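Novice: Numbering (the numbering used here), first residue to last: 418 to 571. Quick reminder that beta carbons are idealized off the backbone N, C-alpha and C, glycines included. Quick caveat, the model's predicted, so the values are computed rather than measured.
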Amino acid sequence: MKFIKATIKLIKKILAGFFLLLGVPLLILCIVFIINPDLAGSPPSSTEARTIWVTVLLTIPIPSTAIGSYLVWSIVQQNKREAQREQEKEDQRLRKIFFNLVQQQGGEITVFQFSVAAQISGKLARKYLDKFAGEYNATFRVDNRGNVIYTFIL
């Protein structure tokens, strides 16, 4: 399943690049020729040349650029959703470790204990413990070595 998702994402990226590489330069070219049709070296009158270039602009560059832009937007949104799902999984994992550790330690836990059990940095462990402390009305105390001990009522 991951392979299929990764392949679809790659195809989207390739198509987005193709459509944008086709659309943007043609868009610029058409606009330049609409503004100054004499640059195109076309024999028709300026009005006829402008009409032709507006028609070209509406048929190729604008749809191509729109499709490429939509694909890029779609990829960005997909990346955001995937990152959010990963963060939710990590939050669930840490919450489970937190509850197990609090029960094992009789309601008292330090940043170091949580950091080791969850295999995360001390800074991140403190962030999560502060969050859980607010959520579950924990109290704090500092031991004689300067460690902050979070106390959760079981």
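1. Looking only at C-alpha atoms, which of Ile570, Arg512, Lys430 and Gly563 sits nearest to Tyr553?
2. According to DSSP, simplified to helix, strand and coil, what is Phe420?
3. Straight-line CA distance for Ala483 to Pro454?
4. How would you label Ser538, buried or exposed, when you count the other beta carbons within 10 angstroms and need 16 or more for buried?
5. Would you mind giving the Cβ-Cβ distance between Pro478 and Leu443, rounded to the nearest angstrom? I have them listed as a contact below 8 Å.
6. To the nearest angstrom, how far is the alpha carbon of Val493 from that of Val441?
7. What did DSSP end up calling Ile526 once you bin it into helix, strand or coil?
8. May I have the straight-line CA-CA distance separating Gln501 from Ala433, to the nearest angstrom?
9. To the nearest angstrom, report how far apart Ile428 and Lys497 are at their CA atoms.
Specialist: Based on what the coordinates show:
1. Ile570
2. helix
3. 25 Å
4. exposed
5. 4 Å
6. 20 Å
7. strand
8. 24 Å
9. 18 Å
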